[in-house]
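Colleague: Under this note's numbering, the residue at position 360 of the sequence shown is numbered 642, and the numbers go up by one with no gaps. Provided herewith is a single structure, encoded as structure tokens, for subsequent inquiry.
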Amino acid sequence: MAPPIPADKKLGTLQKSVPKVRVGKGKPLPYGCSQAKKGLNFSILAPDSQAVWFVLEVPSGQEGITYAGEKGKFLQLELQPAAHRTGNTWHIQVVTTFSVEGLRYGWHVDPEELGRDGRPTEKPVLDPCSRCLSSGGVAAWNRRGEGIKYAPWSVVPDFRAVDCFDWQGVTSPGYALQELVIYEAHVRSFTRNKDSGVSKPGTFLGFLEKIPHLLNLGINCVELLPITEFDETVVPLKHPGTGEDLCQYWGYQTCAYFVPMQRFAAGPESWAAIVEFKTLVRELHRHGIEVILDVVFNHTGEGAWGINNWNCLAKVAVEHYYLMSNGYHTNYTGCGNTVNANNPNCSEWILECLRYWALDMHVDGFRFDLASSLTRGSDGQCMPEPPFIKRLVQDPCMKDVKLIAEPWDCAWPDGYLVGQFPSCGEPRWAEWNGKFRDTVRGFIKGDPGLKGMMATRICGSPDLYEADDRAPFHSINFITAHDGFTLRDLVSYNKKNNHVNNEESGEDNNVSWNCAQEGQDGPSNNPEVMKLRDRQMRNMLMALFLSAGTPMVTSGDEYGRSQGGNNNTWCQDELNWFSWSDCAKESEAFCRFFRLTIGLRKQHRDMFERTGFMTH
Numbered sequence: 283m284a285p286p287i288p289a290d291k292k293l294g295t296l297q298k299s300v301p302k303v304r305v306g307k308g309k310p311l312p313y314g315c316s317q318a319k320k321g322l323n324f325s326i327l328a329p330d331s332q333a334v335w336f337v338l339e340v341p342s343g344q345e346g347i348t349y350a351g352e353k354g355k356f357l358q359l360e361l362q363p364a365a366h367r368t369g370n371t372w373h374i375q376v377v378t379t380f381s382v383e384g385l386r387y388g389w390h391v392d393p394e395e396l397g398r399d400g401r402p403t404e405k406p407v408l409d410p411c412s413r414c415l416s417s418g419g420v421a422a423w424n425r426r427g428e429g430i431k432y433a434p435w436s437v438v439p440d441f442r443a444v445d446c447f448d449w450q451g452v453t454s455p456g457y458a459l460q461e462l463v464i465y466e467a468h469v470r471s472f473t474r475n476k477d478s479g480v481s482k483p484g485t486f487l488g489f490l491e492k493i494p495h496l497l498n499l500g501i502n503c504v505e506l507l508p509i510t511e512f513d514e515t516v517v518p519l520k521h522p523g524t525g526e527d528l529c530q531y532w533g534y535q536t537c538a539y540f541v542p543m544q545r546f547a548a549g550p551e552s553w554a555a556i557v558e559f560k561t562l563v564r565e566l567h568r569h570g571i572e573v574i575l576d577v578v579f580n581h582t583g584e585g586a587w588g589i590n591n592w593n594c595l596a597k598v599a600v601e602h603y604y605l606m607s608n609g610y611h612t613n614y615t616g617c618g619n620t621v622n623a624n625n626p627n628c629s630e631w632i633l634e635c636l637r638y639w640a641l642d643m644h645v646d647g648f649r650f651d652l653a654s655s656l657t658r659g660s661d662g663q664c665m666p667e668p669p670f671i672k673r674l675v676q677d678p679c680m681k682d683v684k685l686i687a688e689p690w691d692c693a694w695p696d697g698y699l700v701g702q703f704p705s706c707g708e709p710r711w712a713e714w715n716g717k718f719r720d721t722v723r724g725f726i727k728g729d730p731g732l733k734g735m736m737a738t739r740i741c742g743s744p745d746l747y748e749a750d751d752r753a754p755f756h757s758i759n760f761i762t763a764h765d766g767f768t769l770r771d772l773v774s775y776n777k778k779n780n781h782v783n784n785e786e787s788g789e790d791n792n793v794s795w796n797c798a799q800e801g802q803d804g805p806s807n808n809p810e811v812m813k814l815r816d817r818q819m820r821n822m823l824m825a826l827f828l829s830a831g832t833p834m835v836t837s838g839d840e841y842g843r844s845q846g847g848n849n850n851t852w853c854q855d856e857l858n859w860f861s862w863s864d865c866a867k868e869s870e871a872f873c874r875f876f877r878l879t880i881g882l883r884k885q886h887r888d889m890f891e892r893t894g895f896m897t898h
């Protein structure tokens, strides 16, 4: 077998055995796979690397090498530092006479496993900036079985489809933060139920068919749970009753940060998710609804549950992309492998990703999961002015993008930053206000000593946001979110009921009340209990919508959706689904109250959309 093929800096034919491929030096930017004047440019940010190979699949009939367990043949190109490295970036231009759309590619970065011929033998790593993956569409959701595993490759997209998308002149509504009524939703959950009546259930296209429902409620912003590629099959847990495979449902184990979730797409092509997500954003914007993405840069899904069918950042530059301690991953997130966000190279990668979603995909903002982890330095301590946060708020491309922090991580107490998330001189960061949630829950269920604190929360939480020149609207007020009890379960359960997860998880202190006696959790046929529960739900909605600050509601709360007391449905599929039949039953009852309360808030914008605190 021949040695690895060196990629010359000049654009020339490789050798007679590969007559249809020419290579050139390439350019360091943009990262990932992009169109060049001729052919394609591939670039990867791989600091400290000494040896890099580029790998490209070749069509059937072409000569190439094979990888164990992988179908197809591949071309390996050994890059030369003098020609193909600029700073910390490696790059190459590839020109072919055959179509490359849909072909797989990857990188070897300082490969550890070499054959006797000098070739890397292990599977290439994913491109950290790839836009498409070979992981299957909606039909592949949670697919298990003999010989089936989640082991994606990066894929060359059809640039004619993804870069020439017709936005039809539609632009973002451009609301101010204080004007928003945010609706937190999961793309699959929203329309996967057969009673949704949509043509493409559980997908981006299915979601857009329900825009009239959002408009009817008065929603003008959706905050989507993670829609970047994740492996739902990674969870080894099974339902204790049925034996069915559970799944990593919510999506907080990201595999590829530039890739819209393939199983949320209806089309079969690897790039269908890009086109369909853009279609969803365009149609939401057309109807006056903004889009915020829940993004997970505090940790990744790489190596989750000890499964290594694919690799990415850890094989590119582990010390740059992950926060390490004595050679081991740190865990400030409760999920392992904390991201080293304040490393300059990691910051560059995160910012490039955010720019892509804001500029190319037209999203309006980001909610940063466990954002306190993004403030930690190399010693693991939270910094008052984290370099990443400073770069983000000063980035000219991000000037009009909304930034929302979940201002805590799992390393308490120093990681609890509600009211203290670093602004780095720019009062732009809004925060999920967990203190608003806990105060309202406690006050309405009758906990003593909360009158003064309740008044403070209604007035926009000046104790938290006034000192650093922020405003009431920087408080994202919420009663419920995806993690925790639904609004219905909050008034129906004193204790969590998570046995179907087949593992111990979920918060024990929920500040909930079942409106009945101890031991009477769950559904009730007692008219008085049912009446009280309904009133308590309405009380909490009134407190939410008639407080200064930016309100956020959770999908399903408009009709009183229950999860059977499960306050951590991260691994459940059907239990998370929106029931459109139940919603229809409540259309003239609780849904109507929900809608009218939002309407009341909008009728008195001067009071509830204040830019100054009520204490003034």
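Where a beta carbon is used, it is the ideal one built from N, C-alpha and C, also for glycine.
(1) Which of the three DSSP states is assigned to L507 in this structure?
(2) Near Q317, which residues of its chain fall below 6 angstroms by C-beta distance, leaving aside the five closest residues on each side in sequence?
(3) Determine the direct distance from the alpha carbon of F650 to that of H886, and round the result to whole angstroms.
(4) Between which two residues does the beta strand (DSSP E) containing G306 stretch?
(5) Three-state secondary structure (DSSP) at M834?
(6) What does a CB cutoff of less than 8 angstroms around N392 pick up in its chain, not counting 5 residues either side in sequence?
(7) Which of the three DSSP states is assigned to F539 in this structure?
(8) Measuring CA to CA, which of V437, G351, I374 and P483 is closest to E360?
(9) Jot down the residue ranges of each uninterrupted alpha helix (DSSP H) in the segment 713–781, minimum 4 residues, whole runs only, in chain order.
(10) For a minimum of 4 consecutive residues, which ranges assigned as the alpha helix (DSSP H) are wholly contained in the segment 413–471?
(11) Tell me, please, which residues DSSP counts as bridged to W372.
(12) Does the Cβ of M283 have 16 or more other Cβ atoms within 10 Å, making it buried, or fewer, making it exposed?
(13) I'd like the list of long-range same chain contacts for K302, defined as Cβ closer than 8 angstroms, with 5 residues on each side in sequence excluded.
(14) Among S863, L772 and D646, which residue has its Cα nearest to the Cα of E505?
(15) Cα separation between I632 and S655?
(16) To the nearest angstrom, how far is it from the Cα of L878 to the Cα of K492?
(17) Going by DSSP, what residues sit across from F356 in a beta bridge?
(18) Using only alpha-carbon positions, find the residue among S412, Y313, R413 and W423 that is nearest to W901.
(19) Taking DSSP as the reference, what is the three-state secondary structure of F703?
(20) Do T510 and T536 have their beta-carbon atoms positioned less than 9 angstroms apart in this structure?
(21) Between R658, P522 and H764, which has its C-alpha nearest D691's C-alpha?
(22) Within 10 angstroms of the Cβ of Q460, are there 16 or more other Cβ atoms? Answer buried if so, exposed if not.
(23) What separation, rounded to the nearest whole angstrom, lies between the Cα atoms of L685 and F648?
(24) Using a Cβ-Cβ cut-off of 6 angstroms (strictly less than) and excluding sequence neighbours within five positions of L901, which residues of its own chain qualify?
(25) For A458, count the other beta carbons within 10 Å of its own beta carbon; 16 or more makes it buried, fewer makes it exposed. Which is it?
(26) Opposite G314 in the DSSP bridges: which residues?
(27) Shorter than 8 angstroms, the distance from the beta carbon of G804 to the closest heavy atom of the ligand ATP, or not?
(28) Output the boundary residues of the beta strand (DSSP E) element that contains W862.
(29) Does DSSP put T561 in a helix, a strand or coil?
(30) Straight-line CA distance for D765 to N850?
(31) Closer than 8 angstroms is the cut-off here; do at least three beta carbon pairs connect the segment 788–803 with the segment 766–775?
(32) Taking DSSP's pairing of strands, which residues face C664 in a bridge?
(33) Around the Cβ of K292, are there at least 16 other Cβ atoms within 10 angstroms (buried) or fewer (exposed)?
Modeller: According to the structure data:
(1) If DSSP states are grouped into helix, strand and coil, L507 belongs with coil.
(2) In its chain, beyond the 5 residues on either side, F441 have a beta carbon closer than 6 angstroms to the beta carbon of Q317.
(3) The C-alpha of H886 lies about 30 angstroms from the C-alpha of F650.
(4) For G306, the enclosing beta strand (DSSP E) starts and ends at V303 to G306.
(5) Strand.
(6) Correcting the residue identity first, residue 392 is Asp in this sequence and not Asn. So the qualifying residues of the chain are S331, Q332, A333 and V334.
(7) Residue identity differs from the one stated: residue 539 is Tyr in this sequence, not Phe. If DSSP states are grouped into helix, strand and coil, Y539 belongs with the strands.
(8) Answer by Cα proximity: I374.
(9) Secondary structure in the segment 713–781: the alpha helix (DSSP H) runs of 4 residues or longer, each lying completely within the stretch, are 716–727, 733–740, 744–747 and 769–772 in chain order.
(10) Complete alpha helix (DSSP H) runs here, min 4: 441–444.
(11) W372 pairs with I326 and R367.
(12) In this prediction, M283 scores a pLDDT of 33, lower than 50, which makes its location untrustworthy; the coordinate-derived value is nonetheless stated afterwards. Taking all protein chains in view, the Cβ of M283 is surrounded by fewer than 16 other Cβ atoms within 10 Å, so the residue is classified as exposed.
(13) Close CB contacts of K302 within its chain, under the 8 angstroms cut and outside five residues either way in sequence, are with Q344, T378, T379 and F380 (chain order).
(14) E505 has its Cα closest to that of D646, out of S863, L772 and D646.
(15) Between I632 and S655, the alpha-carbon positions lie close to 14 angstroms from each other.
(16) In this structure, the alpha-carbon of L878 lies about 19 angstroms from that of K492.
(17) Per DSSP, E339 and I347.
(18) The displayed coordinates of the chain run from 283 to 898. Any statement about residue 901 would go beyond what the structure contains.
(19) DSSP, read as helix, strand or coil, puts F703 in coil.
(20) Between T536 and T510, the CB-CB gap stays under 9 angstroms.
(21) The shortest C-alpha separation from D691 is found at R658.
(22) Q460 sits buried, since 16 or more C-beta atoms from the chains shown fall within 10 Å of its C-beta.
(23) Approximately 5 angstroms between the Cα atoms of the pair.
(24) Since the first and last residues shown for the chain are 283 and 898, residue 901 lies out of range.
(25) Exposed: under 16 other Cβ atoms inside 10 Å.
(26) Within the DSSP secondary-structure output, G314 pairs in a beta bridge with S325.
(27) For the ligand ATP, the structure offers nothing, since it holds no ligand at all.
(28) From DSSP, W862 is part of no beta strand (DSSP E) but of the alpha helix (DSSP H) over W862 to K867.
(29) Note: T561 maps to helix in three-state DSSP.
(30) When rounded, the distance between both Cα atoms is 6 angstroms.
(31) Touching, yes.
(32) Paired residues: R658.
(33) In this predicted model, K292 has a pLDDT of only 49, less than 50, meaning its place in the structure is not dependable; the value taken from the coordinates is given anyway. When all chains shown are included, K292 counts as exposed.
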